[in-house]
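Asks: Sharing a structure with you now.
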Amino acid sequence: MTIPLHQYLDILHRISHSLVQQENIEALSQTITDEIDKLQLYSTIRLYLLEGNQLILKSIAGELQVSPPHRKILVGSGVIGKSVKENNPIIINNIYASDSKEEFDFSLQAVYCIPLKINHHTIGALVLGSKNVEAFTINDKKYLNMLASGISIAIHNAFNYQMLKAHNKISKMTTSNLEF
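Per the working numbering, residue 4 is the first one in the sequence shown, and the count goes up by one each step.
Below is the structure:
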């Protein structure tokens, strides 16, 4: 089911605006999945962030909020890990006709895994699942890839904000210690 571009842009705007209100990656991650869930197009929305050679599930939304069997996924393992390793989106529009049915909830029919990238470096993955076969159209892929780019920027900015905040805290502690 294709939705107008302005709805995707509206989500991206709300995610970007939430950076002002969110001070940590976990809260931002949940905001991202919750905002996408407002489209009511996907049965599950998952956000994984890369830590070392593993993708760690940071947030989940949608009607199928059952915790996936794999909260940590090795890069290169399964569809999600392969998408990140190859740095390319992977779409499966019929899970039961693929080799990936064990990797996802039994009620999902289609899955779209999109690596989250910033400056040619992968930082995570956005995974969308649907109960409908052939759920992802060409327009959906185009809009979702654009949305993933915006999400990557928002996450990168949040990381930078946290690092700057930590640096400022250390600087203040160092400065106050020098005054004694």
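For glycine and all other residues, C-beta sits at the position ideal for the given N, C-alpha and C.
Just so it is clear, the structure is predicted and the values come from calculations on it, not from any experiment.
Considering only the alpha carbon of each residue, which of L31, I121, G153, S133 lies closest to L12?
Replies: Checked all of L31, I121, G153, S133; the closest Cα to L12 is G153.
Asks: Starting from L31, trace the alpha helix (DSSP H) in both directions and tell me its first and last residue.
Replies: Run containing L31: 28–40, per the alpha helix (DSSP H) assignment.
Asks: Taking 8 angstroms as the cut-off, decide whether the C-beta atoms of A64 and I48 are in contact.
Replies: Yes. Within cutoff.
Asks: Give every residue of the same chain whose Cβ lies closer than 8 angstroms to the Cβ of Y99, excluding the five residues on either side of it in the sequence, and list them in chain order.
Replies: Around Y99: Q112.
Asks: Once you ignore the five residues that flank I121 on each side, which residues in its own chain have a CB closer than 7 angstroms to its CB?
Replies: Only S155, I156, H159 meet the Cβ criterion.
Asks: Would you mind sorting V114 into buried or exposed? The rule is 16 or more other CB atoms within 10 Å of its CB.
Replies: Result: buried.
Asks: Relative to the alpha-carbon of L44, which residue among P118, I126, G132 has its alpha-carbon at the smallest distance?
Replies: Measuring from the Cα of L44, the nearest candidate turns out to be G132.
Asks: Below 8 angstroms, how does it come out for the stretch 74–92 and the stretch 54–64: are there three or more Cβ pairs, yes or no?
Replies: Contact between the stretch 74–92 and the stretch 54–64 is present, because at least three Cβ pairs lie under 8 angstroms.
Asks: Could you check which residue in Y146, T177, I93 has the C-alpha nearest to that of L15?
Replies: Among Y146, T177, I93, the Cα nearest to that of L15 is on Y146.
Asks: Quick check: what's the CA-CA separation for S127 versus I93?
Replies: Note that residue 127 is Gly in the sequence shown, not Ser. Going by the C-alpha atoms only, they are around 14 angstroms apart.
Asks: Is H9 helix, strand or coil by DSSP?
Replies: Correct three-state label for H9: helix.
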